[in-house]
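Okay, so the sequence shown: first residue is 1 according to UniProt numbering, each after it adds one. Note that the Cβ used here is the ideal one computed from N, Cα and C, for glycine as well. Before any comments, here is the structure.
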Amino acid sequence: MFTGLVEELASVVRVDGNTHGALFELAADKIMSDMQLGDSIAVNGVCLTVERMHGQHFFVSAVPETLRRSNLGHLQAGDVVHVERAMPANGRFGGHIVSGHIDGTGHVREVRHDGIARVFSIEVDPSLIRYMVDKGSVCVDGVSLTIMRVAGNAFSVSIIPHTRGVTRFGSLRPGEMVNIECDIVAKYVERLLGQGAAEGTEPSGTSRGITLDMLAKHGFA
């Protein structure tokens with residue numbers, strides 16, 4: 001599990017890709033101090049496994065599904081990525097619950113100034129926007145952020161100078177692709193309320209979830 005607090009920017013040294021997946025060689029500094037083989041590392045928010053290490057470099061692989069579902073398939077040597085180690089049991093929970101399982105991608109639609117902040121408007125698929133609410137949490141390229149506003153199929157986030165200085169948000173431009181992980185709590189709540197029917201997973205019997213009729217029947221509405 002991660003918290004969406006990026007530890008540093010790692011450089012993409014090499015990408016070996018084919019139809020079976022891709023191997024990434026990344027160069028980092030801080031996170032190398034206690035890295036072990038088999039560790040989970042979030043790369044632009046995608047949970048990957050450390051397969052090899054050499055000096056300040058480490059290697060991770062991504063399968064075709066991961067490449068299709070995220071922006072990792074577009075990485076080239078010279079790019080920079082956000083990296084975060086999995087949170088230790090005694091670590092501080094500074095962001096929100098991040099699994100490293102990307103739900104999809106979005107595209108930066110607009111970047112505008114708002115005092116010292118920069119407001120990014122990011123467009124996503126309707127299947128993702130349903131999990132977003134004003135002042136809710138979202139993970140963008142591995143960064144835990146608070147949703148400023150939701151409008152149509154886009155949401156906006158306000159980025160402070162410090163965050164821009166230590167992440168890719170300092171250089172993100174309209175049109176660029178970013179990884180999106182929706183708040184896992186929102187997805188669990190939807191499932192528990194029995195609204196999975198839209199996805200073809202409607203519960204059966206008496207477990208159809210909370211409805212207005214059920215609330216009214218029991219005196220809550």
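{"query": "DSSP-derived helix/strand/coil call for V128", "result": "Residue identity differs from the one stated: residue 128 is Leu in this sequence, not Val. Helix."}
{"query": "Collapsed DSSP secondary structure at G21 in the structure displayed", "result": "strand"}
{"query": "Three-state secondary structure assigned by DSSP to residue 229", "result": "The chain is shown only over 1 to 221; residue 229 falls outside these bounds and no answer can be derived."}
{"query": "Cα-Cα separation, H31 to M148", "result": "Here residue 31 turns out to be Ile, not His, going by the sequence shown. In a straight line, the C-alpha of I31 is about 30 Å away from that of M148."}
{"query": "Start and end residues, beta strand (DSSP E) containing H57", "result": "H57 to A62"}
{"query": "Test item: CB-CB of L128 and G95 under 7 Å", "result": "no"}
{"query": "The segment 171-182 in contact with the segment 128-146 per 3-pair CB rule at 8 Å", "result": "yes"}
{"query": "Boundaries of the alpha helix (DSSP H) in which E190 is found, first to last residue", "result": "I184 to L192"}
{"query": "CB contact flag (V63, G17, <7 Å)", "result": "no"}
{"query": "Residue closest to F155, alpha-carbon to alpha-carbon, out of R109, V83, N44 and P161", "result": "R109"}
{"query": "Cα-Cα separation, R164 to E51", "result": "30 Å"}
{"query": "Burial state of Y131 (16 or more Cβ within 10 Å)", "result": "buried"}
{"query": "4-residue-minimum alpha helix (DSSP H) runs that sit fully inside the UniProt domain \"Lumazine-binding\" (1-96), ordered along the chain", "result": "64-69"}
{"query": "Nearest-angstrom Cα separation, counted from I41 out to G4", "result": "12 Å"}
{"query": "Pair within 7 Å by beta-carbon distance, A28 and V83", "result": "yes"}
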